[in-house]
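**Q** At the far end of the sequence shown sits residue 421, using my numbering, and the numbering has no gaps.
All residues carry an ideal CB built from backbone N, CA and C; glycine is no exception.
Here it is, the structure, as C-alpha cells.
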Amino acid sequence: MKPLSSASILSDPPSRSCLCSLFIAASLICSVYFIGSASVAKENKERLVRWGVVNSMQNAVSNTCKNQCRLPGTEALPQGIISKTSNLEMRPLWMSSSKLNNPESPKNLLAIAVGIKQKKIVDQIVKKFPAKDFLVMLFHYDSIVDEWKDLEWNDRVIHVSAVNQTKWWFAKRFLHPDITAGYDYVFLWDEDIGVEDFNPNRYLSIVKDEGLEISQPALDPVKSEVHHPITARRRNSKAHRRMYKLKGSGRCYDNSTAPPCIGWVEMMAPVFSRTAWRCAWYMIQNDLIHAWGLDMQLGYCAQGDRTKNVGVVDSEYIVHLGLPTLGVTTEPQASPNKQQFSKSEALAPSQSRRYDNRPEVRRQSFIEMQIFRKRWKNAVDEDKCWIDPYQQLTSQTAH
C-alpha cells in the first residue's frame, strides 16, 4: 500500500476544508474560555468586595446593637414593631376609637375584690370614681358576675372571676406593670369601704402636692374599724406620715424611722403611683395570696425616702366597715327529705347553713407572713450587690 504523505492531505480540498473548520472551532472555544475566565474573575472580585462591605456593615451593626437591651423573645423582630405594654381599655369591634364620644383613655385604675353580698357598697364606690378619669376592674371572688348586670356602669367595667381568691392573687395575675403602665395611679381596694366623704380627684391632687408615691385615705375614727393608729384621720390636717405611741409595746417617737411608725400604709385601701406599683408588683409573691408582711416592706418601693413619699391623706377620708368577706359561705343544708320539697323550699334561708372559715383564713395569713419574712431575710443575705438604704439610718436611730 502506498503511504499517505502530508503533501497529499493538504493538496486534497475536502481535507483542507475540514482542518480549517477545526481550527476555527478551537479558536472560538479558546476565546470563549478566556473571556469567560476574565468575566468570572471579575465577578468573583466584585463578590469578594461586596462580601467585605457586608461584613464590615454587619460588624458595624453588631457593634452598634451590642448595647441595645432586647426583651427575651423579641430578638427576631425589628425594634419598631415591638409593643412592650398594653392596657385594660376595651376596644370597639367595628368603629374607630377616634369616633367615640370619649377618645381620651382614663389615666387611673380602680381595682376592687368584690362579692355579691356587698353589691350596694361597691355600687356607691364605683359611682364616686368618674368614668373619664378612672378605669374600673372588679375581681369577683364568689364567681357571681351576671347579677351585676343591672347596674348602669356594668358594661364599662372589666370583670374577672375566680372562686375564693384574694385581691393580691388577682393583682399578681392581671395587673402586671406592663398592663398598668398607661395609668398614673392604681387604687387596689377592699370592698367594705364607705366613700361618702371621699373625692378621688381631690385625693389625687393632694397626693401629687405632697409627693406621695404610696398612700391611702385616712379612716374615720368614729365610724371605722381601725386596726392601726397611723391610719386614723387627723382633723385640720391635709396628710400625715408618722404616728406617735409613747406607751406599751411597739413605741413610736419623733425620731422613729421604720414602719409602722412612719412610711407605712394598710393593705386595705392602698394607692400606688405607676412606678411604685411596678416595684410592688415584683415584691408580691405568687403563692402568698394574703400578702401579709408586704406592708412592712412597701417603703422600699417609694421611689426615694419612705419617710417622705409614703403617707395617709386626712382631708379625703373613708370608712372601713369591717364586714366579713372571704371565708364566709352560705350553702344549702342537706335534708333527708329533700326530695319532698320544691326547689324554692329546698333553698330557702331556713334550710341554709352559714360557714365561717375566717379563723382558718387568718391562720393561713399568719403562716404566709412568716414565709414572706423568711424569704426577705434570705434574699437580703444572698444578694451581695444589694444595699439596704435604711439599714444605716435604722442603726443610727437605735443608738
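1. Tell me the rounded alpha-carbon separation between Ser295 and Leu173.
2. Between Ile389 and Met117, what straight-line distance do the alpha-carbon atoms span, to the nearest angstrom?
3. Return the Cβ separation of Ile306 and Ala313 in integer angstroms, given the expectation that the two are a contact with Cβ distance under 8 angstroms.
4. Using alpha carbons as the reference points, say which of Gly233, Gln325, Lys330 and Phe220 lies closest to Glu338.
5. For Asn454, count the other beta carbons within 10 Å of its own beta carbon; 16 or more makes it buried, fewer makes it exposed. Which is it?
6. Please work out which residues of its chain come closer than 8 angstroms, Cβ to Cβ, to Val335, disregarding the five sequence neighbours upstream and downstream, and give them in chain order.
7. Comparing C-alpha positions only, which one of Gly270, Lys269, Glu213 and Met112 sits nearest to Gly344?
8. Need the endpoints of the beta strand (DSSP E) that Trp211 sits in, please.
9. Distance, Cα to Cα, Glu111 vs Thr96?
10. Nearest-angstrom Cα distance between Tyr266 and Pro281?
11. In whole angstroms, what separates the C-alpha of Gly102 from that of His162?
12. Helix or strand or just coil, what does DSSP make of Glu338?
13. Nearest to Lys154 by alpha carbon, out of Cys407, Pro243, Ala98 and Leu132?
14. Rounded to whole angstroms, how far is the Cβ of Leu348 from the Cβ of Asn186, which I believe are closer than 8 angstroms?
15. Residues in its own chain within less than 7 angstroms of Ile284 by CB, not counting five upstream and five downstream?
16. When DSSP labels each residue in this structure, what does Ile201 get in the three-state scheme?
17. Give me, in chain order, the residues of the same chain whose beta-carbon lies closer than 6 angstroms to that of Glu247; leave out the 5 immediate sequence neighbours on both sides.
18. CB Ala291 to CB Trp191, shorter than 9 angstroms?
19. Could you check whether Arg178 and Val158 sit closer than 9 angstroms to each other, using their CB atoms as the reference points?
20. Can you check DSSP and say which residues form a bridge with His181?
21. Identify every run of the alpha helix (DSSP H) within the stretch 93-135, keeping only runs that are complete inside it and at least 4 residues long; order them along the chain.
22. Looking at C-alpha atoms only, which residue of Trp175, Ile147, Gln140 and Lys150 is the closest neighbour of Ile166?
23. Output the distance between the C-alpha atoms of Met289 and Pro251, rounded to the nearest integer angstrom.
**A** Let me lay it out:
1. Within the sequence shown, the letter at position 273 stands for residue 295. Within the sequence shown, the letter at position 151 stands for residue 173. Those two C-alpha atoms are separated by around 29 angstroms.
2. In the sequence shown, residue 389 corresponds to position 367, counting from 1. In the sequence shown, residue 117 corresponds to position 95, counting from 1. If I take the Cα positions, the gap works out to 51 angstroms.
3. Numbered from its first residue, the sequence shown carries residue 306 at position 284. Numbered from its first residue, the sequence shown carries residue 313 at position 291. So it is a contact: roughly 6 angstroms between Cβ atoms.
4. Locating residue 338 in the sequence shown gives position 316, counting from the first residue. The shortest Cα separation from Glu338 among Gly233, Gln325, Lys330 and Phe220 belongs to Phe220.
5. Outside the shown range of the chain (23 to 421) lies residue 454, about which nothing can therefore be said.
6. Start at 1 with the first residue of the sequence shown, and residue 335 comes out as number 313. Contacts found: Tyr225, Ile228, Val229, Glu232, Leu234, Ser237, Gln238, Pro239, Ala240, Lys260 and Ala261.
7. Position 322 of the sequence shown holds residue 344. Minimum Cα distance to Gly344 is reached at Glu213.
8. In the sequence shown, the residue the question calls residue 211 occupies position 189. Counting along the chain, the beta strand (DSSP E) containing Trp211 begins and ends at Tyr207 to Trp211.
9. By 1-based counting over the sequence shown, the position of residue 111 is 89. By 1-based counting over the sequence shown, the position of residue 96 is 74. For Glu111 and Thr96, the distance between alpha carbons rounds to 24 angstroms.
10. The residue you call residue 266 lines up with position 244 of the sequence shown. The residue you call residue 281 lines up with position 259 of the sequence shown. Approximately 12 angstroms between the Cα atoms of the pair.
11. Within the sequence shown, numbered from 1, the residue matching residue 102 stands at position 80. Within the sequence shown, numbered from 1, the residue matching residue 162 stands at position 140. About 38 angstroms.
12. Here residue 338 refers to the residue found at position 316 when the sequence shown is read from its first residue. Reduced to three states, the DSSP call for Glu338 is strand.
13. Working through the sequence shown from its first residue, we reach residue 154 at position 132. The residue with the shortest Cα to Cα distance from Lys154 is Leu132.
14. Position 326 of the sequence shown, counted from the first residue, corresponds to residue 348. Position 164 of the sequence shown, counted from the first residue, corresponds to residue 186. Sure, about 7 angstroms apart at Cβ, within 8 angstroms.
15. The residue given as residue 284 occupies position 262 in the sequence shown. The residues are Arg263, Arg264, Ser278 and Thr329.
16. Residue mapping note: residue 201 aligns to position 179 of the sequence shown, counting from 1. Coil, per DSSP.
17. As a working mapping, residue 247 is identified with position 225 in the sequence shown. Hits under 6 angstroms: His342 and Gly344.
18. Taking the sequence shown and counting its residues from 1, the one referred to as residue 291 is at position 269. Taking the sequence shown and counting its residues from 1, the one referred to as residue 191 is at position 169. No, they are not a contact pair.
19. The count along the sequence shown starts at 1 and reaches residue 158 at position 136. The count along the sequence shown starts at 1 and reaches residue 178 at position 156. It is a contact, given that the beta carbons lie within the stated cut-off.
20. Numbered from 1 along the sequence shown, position 159 holds the residue referred to as residue 181. Leu160.
21. none
22. Walking along the sequence shown from the start, residue 166 turns up at place 144. The candidate whose alpha carbon is nearest that of Ile166 is Gln140.
23. The sequence position of residue 289 within the sequence shown is 267, counting from 1. The sequence position of residue 251 within the sequence shown is 229, counting from 1. About 14 angstroms.
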